[in-house]
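What follows is one structure encoded as structure tokens, with my remarks underneath.
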Amino acid sequence: MSLLHLAIISPFLLAILVPIVYKLFKQIHTGWFVLPLPILLFSYFISYLSITSNQQSVTNSFSWIPSLGIDFTAKIDGLGLLFALLITGIGALVVLYSIYYLDKKKEKLNNFYVYLLLFMGAMLGVVLSDNLIVLYTFWELTSFSSFLLIGYWYHREKSRYGAQKSMIITVFGGLSMLGGIILLYLMTGTFSISEIIAQSDEIFSHSLFVPALLCILLGAFTKSAQFPFHIWLPDAMEAPTPVSAYLHSATMVKAGIYLIARMSPVFAEHSLWLWLIAGFGITTLFWGSFSAVKQTDLKAILAFSTVSQLGMIMSLLGIGAAALHFETVEDGYFTVATTAAVFHLINHATFKGSLFMVAGIVDHETGTRDIRKLGGLMNFMPITFTLAIIGTFAMAGLPPFNGFLSKEMFFTGMVRVLEMDIFNLDTWGFLFPVLAWVASVFTFIYSMIIVFKTFTGKFQPEQLEKKPHEAPIGMLISPIILASLVIIIGFFPNIISNTLISPAQAAIMPAEGYVYDTHISFWHGFTPELFMTLGVITLGILLFATLPKWKGVYGLFPEKLALNRFYDSGLSGIQQGAHGFTRWYMNGSIRNYLVYIFTFFIVILLSTLFIKNAFKFDASNVSAIKFSEIVLALVIAVASITILFVKSRLTSIILLGAVGYTVALFFVIFRAPDLALTQLVIETISVALFLLCFYHLPQIKDEERMPFKATNAVISIGVGLVVTLIAFSAHSNKLFDSISQYYIENTYEKAAGKNMVNVILVDFRGFDTMFEITVLAIAALGIFGMIKLRLGGGKKNENK
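According to full-length UniProt numbering, the sequence shown is numbered sequentially starting from 1.
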């Protein structure tokens, strides 16, 4: 195992120690013990910049499940390193923030930091795995750990609802992604992403290519909250603010974007890749920004803004895929969309992370996030107000902040769609710049709502649960660092252009022999993008100023058509249907359960037997049947059938014993004395126990007897027939040599035993026998415990 592998699993190792530390050092906030790890990991990953800046990569691998071709291959290239730095860098800031945000006396910090570390490790595994099965394993672990984080305050119904919703939607997408991974393996014979990319030209025309593409996209869309799967993200805001700042600004919601970027070299040649990613992305951008304006909760506004910004990045990746279809890809003309996607990915993490922390500070210091109750906080919280100005203006795309630069590049990418003449973009491509511009107007509006509705206007102390004041410095450090990055990147964008952006772009759009060289600047002249920005600002100010006059437009949308309504109704319908169906077949009748089991037994096995043409009867190697054996078989048959018609329990037990003793005679005839002795002992004990139990039961009355049912008779005969046919077929289809000869030759030599049956049970099948005994012991303990419990309950009732 390499140091890179250790870096990935280190959060899991620390998670094991957190409960111990929490118990031993209760006077110290557990976060202080967790904080050094993400800082060390961030420092470690920084050391790879010198390699990835040259658009090279590092790969370390060790075998995990070699029989299935699954290796734990960790790979760092420009794209993986970018995400690793975001995960660890933002993670360190979130841990520091949470130390001051979460009260060590009121919160179960051991749970919180275990969940957070599980998530951090899972995300590192996703972005640094070169094997798709390993990636999928970590992918589902992110869903599981985020479920725990969102539901951290499990005593709140909304937290439980949001956690369940995120789990259902993202795991559904994850299973679809697994289907796509399997299809890719069927086409390429490998799970290695690098090897699959190398075969991308060969699998393009494969019949499974499009199904694999659709399955992969479904997994990415659900994870990155693309329309219509975005509905889980706003409800996930019930998580503590540090969780929201981490999961929903820089990490989990970016996992789908990472998957799209990583798999672009495989699928980008197909038109569906461009249209689905760009189409759903631009739709998500518009709908998220439009929906954010009507929200009244600060975190709800930020949630929908995250949906919107994710749609923006997704649409850029979709449009950027078109660059692979042009010979001019090397002059950088059409690659601007991919550059903008990577750049905005970084920018969004900085300004959105700081804004989530600002929302948490407002909630922490005032007791509410409702903007209808807030206002006038600028005088009480000047530092927080400044941070809000920086974050919201960057999100709105205003200079001189980093969001302005990536938003201008976004407009450039959308405008250049009009110059593309592939995949019918020359016909429908005009929708992209139009929707991009309209969505940017709403982005400007909700950005202004966040800062001005919260910090300016009338102060309403009677609406607040707490007297507002500035947050402690410890809670301000993290958002200050992020806001500083917003300004620094805004003024000096090229400090990350060829260290982070170009290497990531090279991984998304590999071009052999070509070195990407990214240069970002503020001024490009009087371009269409500049006028689009001026239009956004002008119309945005006008609409924000007149917000009360036109906000009623949101009331025109019927509540019955809301996507959340469909989700709730669908989930409720599934639960009611499952409950009704379960009550129908789980009616408490053991006889009915046996009917279900044996019916399926007959249908499935009999149909398989004949569909696969597996039935065969060959009596050539069967020994002659003696008259005595026929007599014994008739005795067993007559005794078994007679049991069904006798009226006495005692007679039934005697007949059942006759069947068992006759079987023992068969073992004697077939020279199996051990089996015969075992059968005789078991049968004797069974008959004795039956007689002892049934002695205390009353005689069966005629009206209590079960009537004859043709259905039961048919099922009974059917089971017997199926078992007989399978036995004949198994005996007649000898695909392999019998294993009996192996036991004959090795019983004495390897096990030093002369009794073959005993040796098989104790030596060759020793573990099997041991586990059978263990199961019997557990069952006996369970029965004993139930009896004791019942007796105890009875005594309590008597005392009452």
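From the three backbone atoms N, C-alpha and C, an ideal C-beta is built for every residue, glycine too.
In this text the structure is predicted, and so the values were computed from the model without any measurement.
Please name the residue in the options whose C-alpha comes closest to that of residue i.
{"i": "F471", "options": "W153, L377, F526", "result": "The question names Phe, yet the displayed sequence has Ala at residue 471. Considering only alpha carbons, the answer is L377."}
{"i": "R155", "options": "A239, F304, G474, S53", "result": "The sequence shown places His at residue 155, rather than the Arg named in the question. Nearest C-alpha to H155: A239."}
{"i": "D517", "options": "F144, I501, A676, L677", "result": "I501"}
{"i": "M177", "options": "Y161, T188, F221, V438", "result": "F221"}
{"i": "R262", "options": "E269, A504, T52", "result": "A504"}
{"i": "L41", "options": "F598, T52, F204, L6", "result": "L6"}
{"i": "V719", "options": "I389, G151, F598", "result": "F598"}
{"i": "L677", "options": "T335, Y44, V757", "result": "V757"}
{"i": "G151", "options": "L485, H248, G162, L141", "result": "G162"}
{"i": "S354", "options": "A506, A255, P242", "result": "P242"}
{"i": "V536", "options": "M395, H348, N110", "result": "M395"}
{"i": "H248", "options": "Y136, M448, A300", "result": "A300"}
{"i": "L132", "options": "I488, I169, G180", "result": "G180"}
{"i": "I8", "options": "I450, G80, V94", "result": "G80"}
{"i": "Y258", "options": "I508, L274, S740", "result": "I508"}
{"i": "L116", "options": "S98, K106, K105", "result": "S98"}
{"i": "V95", "options": "I39, M786, E745", "result": "I39"}
{"i": "M167", "options": "L141, L186, Q460", "result": "L141"}
{"i": "A506", "options": "K223, V336, K108", "result": "V336"}
{"i": "I319", "options": "G429, D201, G588", "result": "G429"}
{"i": "I760", "options": "F771, S740, A777, L776", "result": "S740"}
{"i": "A255", "options": "T284, G219, I282", "result": "G219"}
{"i": "A624", "options": "F670, S640, M448, L128", "result": "F670"}
{"i": "I361", "options": "F304, I182, G474, F404", "result": "G474"}
Which partner residues does residue i have in the DSSP bridge list?
{"i": "T73", "result": "S61"}
{"i": "S129", "result": "A74"}
{"i": "D297", "result": "D370"}
For residue i, count neighbouring C-beta atoms within 10 Å of its own C-beta (all shown protein chains included) and say buried if the count is 16 or more, exposed if not.
{"i": "I346", "result": "buried"}
{"i": "L82", "result": "buried"}
{"i": "M414", "result": "buried"}
{"i": "R369", "result": "buried"}
{"i": "D768", "result": "exposed"}
{"i": "Q576", "result": "exposed"}
{"i": "R416", "result": "buried"}
{"i": "Y333", "result": "Only weak support is given to the placement of Y333: the predicted model assigns it a pLDDT of 49, under 50, and the question is left unresolved by the model."}
{"i": "D331", "result": "A caution first: D331 carries a pLDDT of 44, below 50, which makes its placement in the model too unreliable to give a value."}
{"i": "Q679", "result": "buried"}
{"i": "T774", "result": "exposed"}
{"i": "S244", "result": "buried"}
{"i": "residue 801", "result": "Past the edges of the chain, shown from 1 to 800, lies residue 801, and the structure says nothing about it."}
{"i": "H696", "result": "exposed"}
{"i": "S50", "result": "exposed"}
{"i": "H344", "result": "buried"}
{"i": "F526", "result": "exposed"}
{"i": "H524", "result": "exposed"}
{"i": "W139", "result": "buried"}
{"i": "T328", "result": "Only weak support exists for where T328 lies, its pLDDT of 47 falling under 50; the value from the coordinates is given anyway. Classification of T328: exposed, given that the 10 Å Cβ count is below 16."}
{"i": "I787", "result": "exposed"}
Residue i by DSSP, collapsed to three states: which one?
{"i": "S53", "result": "coil"}
{"i": "L14", "result": "helix"}
{"i": "D103", "result": "coil"}
{"i": "S192", "result": "strand"}
{"i": "M1", "result": "coil"}
{"i": "H29", "result": "coil"}
{"i": "E330", "result": "For E330, the predicted structure reports a pLDDT of 46, less than 50, and the residue's modelled location is therefore unreliable. The matter cannot be settled from this model."}
{"i": "T427", "result": "helix"}
{"i": "S47", "result": "coil"}
{"i": "W153", "result": "coil"}
{"i": "S623", "result": "coil"}
{"i": "A752", "result": "coil"}
{"i": "L776", "result": "helix"}
{"i": "Y514", "result": "coil"}
{"i": "M770", "result": "helix"}
{"i": "G391", "result": "helix"}
{"i": "H344", "result": "helix"}
Can you check the stretch 633-709 for any beta strand (DSSP E) of at least 3 residues that lies completely inside it and give the ranges in chain order? Taking only runs of at least 3 residues, no beta strand (DSSP E) segment lies wholly in the stretch 633-709.
What alpha helix (DSSP H) runs, 4 residues minimum, are completely inside the stretch 174-252? Listed in chain order, the complete alpha helix (DSSP H) runs (minimum 4 residues) inside the stretch 174-252 are 193-198, 200-203, 209-223, 232-235, 241-247.
List in chain order: all unbroken alpha helix (DSSP H) runs of 4+ residues lying wholly within the stretch 520-548. Within the stretch 520-548, the complete alpha helix (DSSP H) runs of at least 4 residues are 528-545.
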